[in-house]
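The structure appears below as structure tokens.
Residue numbers (the numbering used here), protein chains in the order written: chain V, -11 to 423; chain B, -11 to 423.
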């Protein structure tokens, strides 16, 4: 059932290239649909949100914001067991992210003071998918790092929150909840409407329309990344328990039919045994229909000769999740240079990272781990540069600056320096007026 | 000439809102053009680069990469004065960025080891505009932070580099130069062609097609930001030298006809005197035609009653460059919460930041300083999370994890944890096989 390809196959390289270069292609219809929605919300505000929600979700939207009272009442219906688990998860996510520190710095020279200062973003929107799936964990994994960074206002947008999602929002410190979803929610956060204040950054995963809308508004508002289908690559050798590896591949596969579960097996026998386990466990899985489609469409076992090749493949694919179920797992994990999160050793199952360990589960997909990072405190901070010179310091550098400015043909730049460094002030000023 | 609006104007708030909410609208024709170009390069590689360069730039492209020999020969033509100025600038940019540090961290608990590690991106592309304008400074301000971060390969793409730009590339440590520009260069870097290896991130400013292309490839490759027209907001009171403030507004205005020079003057008289200086100096400026158009179209003096209001306006506009030409400049600068770079006091002219002080001149435009940062070392690093648990630690948390997984309807996730924590292994393994 798990398609197998071998390092020794003549077309191995070309099949691998397809996996590694899986840059996204958004269907034109989705892109065009998202574009029309964004334009409508930008033009018509709340009225557009109401109309689109009625049209696309068959849902009336008497109030766009969920009142604090309704929010609390719904969240109160959550069992104490779930509430305790959410609170514990929040505590672990917070403790981990408090270690992600950024340091403002200063460079002082004679008459010169340069500095770089970090400040939190003022207002952030967290997109939480709704509908049949309920994702309280997404709230935790997005809102907690924002709050640790010092973001004053964290909004959640979601089309139909469950009590558990609302309880998670409470535990994570979310400030306001808006009952909109899809591309229209992204547009509302990006440009603001009468009910939804404009935010500085939008984070969190969503469907293809949400992803397309995020790409469209990128630049007008901050976007952490464009999420594609969720992925795992597990590198396993014969030291690994086949049942555990199979369980992780299936956990990945049950997300949705587009999920990507990849096994890199050191040796044919390892692939075989894990493949058998996948079939056995799949039959018992409540979400076997979805998981089975993901396994059949995207699932693959790649058989390689040694652990070194396995790790090289992980790096080449740069997956969202990389499982290292190899003997001496820690040493091999240290060689991973491109992955969102690395699960070291066979006890570190992906579900640990999804819910509980501490690092955010909002991770770069589609190979973007080559250049982007797990959602973290840094996503909610910005730097600003400060430049301060006295007249003597400016005079020392004036000629070199004017020289480069003239090379670029920008005499006005040269003049602005030379005026100060060499020119006469236009008027004599009293000392009391000086800075 | 400098249009003036007053805090006391009845329509002050609405005019200000137009300035503050200046989110970009890319013309559909530009977007469509960039989209077609990106698709063609993705499909046809080098052949598309050659054809598009011939069609759009009337230029033949016998070799897409500039050979090291030609590069060195052209750069050798630069005067020793320019070479020295570039080398000095590189040294200052490097010294500043070496202070921008990121720290990997680890959280250890009993049986648990979580960590976050920073790694440099492997390969980065720097876009440098070409044609009539020559921008050696853009090379320095983009490539030096990348090299400080530890990026192994830095590529420069530019349609027709001057000797000065090539000398700057040499000084900044650029590894390879490709002679392509526009949306086609962005596509080549994003997806790779026969001659241009795919990069992990593309940085640097460009025209509207470049900006549109960067938005289109965002997600498949890293993008630092979408650059809009360059902007300055200078807050000045009567302590400021009107001639110097005017020179800075004009330095901004001479960039191009879309440049945005804004003065926030404390008191009518300050606006008047600076306005007079702008007119006087404009008449003498070599690029007076361009600067005059920028002043006429985007230039504005906003008259406010006090410095506090001036700073509030700076924050609301969140400009690329903020000049603080106010008495007690440092104290007021400390209150700036949204700007790319802040020029503190009237000696800190923008040209200092453009060429020489140290912080990168690649700065967030269009109000994106609300959520994004000057280009820096952090843009060329990525984080990866590592999660390692032993069996006992997993067992302690298994119930809480399974509880959240079940709330989300993801039983496969719950099983992957419970299998390990509570289930029997499928087969007994020899101790020697264990991790």
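Yeah, the Cβ is synthetic: ideal placement off N, Cα and C, and Gly gets one too.
Continuous beta strand (DSSP E) assignments of at least 3 residues falling wholly in the region 192 to 262 of chain B: Runs of the beta strand (DSSP E) inside the region 192 to 262 of chain B: 219 to 224, 248 to 254.
Which of helix, strand or coil DSSP assigns to residue 113/V: Position 125 of the first chain, counted from the start, is the residue given in the question as residue 113/V. Strand.
Any chain V beta carbon closer than 8 Å to residue 193/B: For the purposes of this step, residue 193/B is taken as the residue at position 205 of the second chain. For residue 193/B, the answer is no, since every Cβ of chain V falls outside 8 Å of its Cβ.
Backbone secondary structure at residue 151/B - three-state DSSP: The count along the second chain starts at 1 and reaches residue 151/B at position 163. Shown here, residue 151/B sits in a helix according to DSSP, grouped into three states.
Counterpart residues of residue 377/V in DSSP-defined beta bridges: In the first chain, residue 377/V corresponds to position 389, counting from 1. Per DSSP, 100/V.
Classification of residue 57/V by the beta-carbon crowding that lies within 10 angstroms, buried from 16 upward: Position 69 of the first chain holds residue 57/V. It counts as exposed.
Status (buried if at least 16 other CB within 10 Å, exposed otherwise) for residue 50/B: On the second chain, residue 50/B is found 62 positions in, with the first residue counted as 1. Burial is judged here by how many other beta carbons sit within 10 angstroms of a residue's own beta carbon; residue 50/B has fewer than 16 and is exposed.
The region 232 to 242 of chain V contacting the region 373 to 391 of chain B, beta-carbon criterion three pairs below 8 Å: Here the region 232 to 242 of chain V makes no contact with the region 373 to 391 of chain B; the two share fewer than three CB pairs at distances below 8 Å.
Beta-carbon gap between residue 373/V and residue 330/B smaller than 8 Å: Residue numbering aside, residue 373/V sits at position 385 when the first chain is read from its first letter. Residue numbering aside, residue 330/B sits at position 342 when the second chain is read from its first letter. For residue 373/V and residue 330/B, yes; Cβs fall inside 8 Å.
8 Å Cβ cutoff, residue 273/B in contact with chain V: Within the second chain, the letter at position 285 stands for residue 273/B. Closer than 8 Å to the CB of residue 273/B there is at least one CB belonging to chain V.
Cross-strand partners of residue 309/B (DSSP beta bridge): Residue 309/B sits at position 321 when you count from the first residue of the second chain. Paired residues: 220/B, 329/B.
Start-to-end residues for the beta strand (DSSP E) that takes in residue 283/V: One-based indexing of the first chain puts residue 283/V at position 295. Looking at the DSSP string, residue 283/V is not in any beta strand (DSSP E); the run it does join, the alpha helix (DSSP H), is 276 to 286.
Below-8 Å beta-carbon distance, residue 21/V vs any chain B residue: Stepping through the first chain from its first residue, residue 21/V is reached at position 33. For residue 21/V, the nearest beta carbon of chain B is not closer than 8 Å to its own beta carbon.
Per-residue contacts from residue 76/B into chain V (C-beta, under 7 Å): Residue numbering aside, residue 76/B sits at position 88 when the second chain is read from its first letter. Going along chain V in sequence order, the residues near residue 76/B (Cβ under 7 Å) are 388.
Cα-Cα separation between residue 493/B and residue 154/V, rounded to whole angstroms: Look at the range of chain B in this structure, -11 to 423, and you will see that residue 493/B is not part of it.
Residue 1/V in three-state terms, based on DSSP: Residue mapping note: residue 1/V aligns to position 13 of the first chain, counting from 1. Taken through DSSP and simplified to helix, strand or coil, residue 1/V comes out as helix.
Neighbour-count burial assignment, residue 416/B, 16 or more Cβ in a 10 Å radius: As a first step, residue 416/B must be located in the second chain, where it is residue number 428. With a pLDDT of only 35 at residue 416/B, under 50, the local geometry of the prediction cannot be trusted, and no value is derived from it.
Limits of the unbroken alpha helix (DSSP H) element including residue 38/B: Within the second chain, numbered from 1, the residue matching residue 38/B stands at position 50. Unbroken alpha helix (DSSP H) run through residue 38/B: 34 to 45.
Endpoints, beta strand (DSSP E) assigned at residue 164/B: In the second chain, counting from the first residue as 1, residue 164/B sits at position 176. 164 to 166 is the extent of the beta strand (DSSP E) around residue 164/B.
Among 28/V, 164/V, 85/V, the one whose alpha carbon lies nearest that of residue 134/V: Within the first chain, residue 134/V is the residue found at index 146, counting from 1. Measuring C-alpha to C-alpha distances from residue 134/V to each of 28/V, 164/V, 85/V identifies 85/V as the nearest.
Candidates 407/V, 403/V, 398/V: closest to residue 124/B by CA position: The residue labelled residue 124/B in the question sits at position 136 within the second chain. Residue 398/V is the option with its Cα nearest to residue 124/B.
Amino acids of chain B, ordered along the chain, whose beta-carbon sits closer than 7 Å to that of residue 210/V: If you number the first chain from 1, residue 210/V lands on position 222. Residues of chain B with a Cβ closer than 7 Å to the Cβ of residue 210/V are, in chain order, 359, 360.
Buried/exposed call for residue 282/V, threshold 16 Cβ in 10 Å: Your numbering for residue 282/V matches position 294 in the first chain. Residue 282/V is buried by the Cβ-count criterion.
Closer than 8 Å to chain B by CB, residue 46/V: Taking the first residue of the first chain as 1, we reach residue 46/V at position 58. For residue 46/V, the answer is no, since every Cβ of chain B falls outside 8 Å of its Cβ.
Residue 323/V in three-state terms, based on DSSP: Along the first chain, one-based indexing puts residue 323/V at 335. Secondary structure at residue 323/V: coil, using DSSP grouped into helix, strand and coil.
Inter-residue Cα distance where the pair is residue 268/B and residue -2/B: Numbered from 1 along the second chain, position 280 holds the residue referred to as residue 268/B. Numbered from 1 along the second chain, position 10 holds the residue referred to as residue -2/B. So the two alpha carbons sit approximately 31 Å from each other.
Test: residue 214/B CB closer than 8 Å to a CB of chain V: Here residue 214/B corresponds to residue number 226 of the second chain, with the count starting at 1. Interface residue, yes.
Nearest residue (CA-CA) to residue 72/V, options 385/B, 321/B, 15/B: One-based indexing of the first chain puts residue 72/V at position 84. Of the candidates 385/B, 321/B, 15/B, the one whose C-alpha sits nearest the C-alpha of residue 72/V is 385/B.
Three-state secondary structure assigned by DSSP to residue 404/V: Here residue 404/V corresponds to residue number 416 of the first chain, with the count starting at 1. In this structure, residue 404/V counts as helix in the three-state DSSP scheme.
CB-CB length for residue 205/B against residue 174/B, believed under 8 Å: Sequence index remark: in the second chain, residue 205/B carries index 217 (1-based). Sequence index remark: in the second chain, residue 174/B carries index 186 (1-based). Going by Cβ atoms, the distance from residue 205/B to residue 174/B rounds to 6 Å, so yes, they are a contact pair.
Nearest neighbour of residue 111/V, chosen from 287/V, 187/V, 61/V [CA to CA]: If you number the first chain from 1, residue 111/V lands on position 123. It is 187/V whose Cα lies nearest to the Cα of residue 111/V.
Buried or exposed (CB count within 10 angstroms, at least 16 for buried), residue 229/B: Here residue 229/B refers to the residue found at position 241 when the second chain is read from its first residue. Result: buried.
Residue-chain proximity (residue 89/B, chain V), Cβ-Cβ < 8 Å: For this step, residue 89/B is matched to residue 101 along the second chain. Answer yes: the Cβ-Cβ gap between residue 89/B and chain V drops below 8 Å somewhere.
Residues of its chain near residue 261/B, where Cβ-Cβ distance is below 8 Å and the 5 sequence neighbours each way are ignored: Counting from 1 along the second chain, the entry for residue 261/B is found at position 273. Only 230 meet the Cβ criterion.
Chain V residues whose Cβ lies nearer than 7 Å to that of residue 385/B: To locate residue 385/B, count along the second chain from 1; it is residue 397. Ordered by position in chain V, the residues that pass the 7 Å Cβ test against residue 385/B are 344.
Per-residue DSSP class, three states only, for residue 108/B: Locating residue 108/B in the second chain gives position 120, where the first residue counts as 1. In the structure shown, residue 108/B adopts extended strand secondary structure according to DSSP, grouped into three states.
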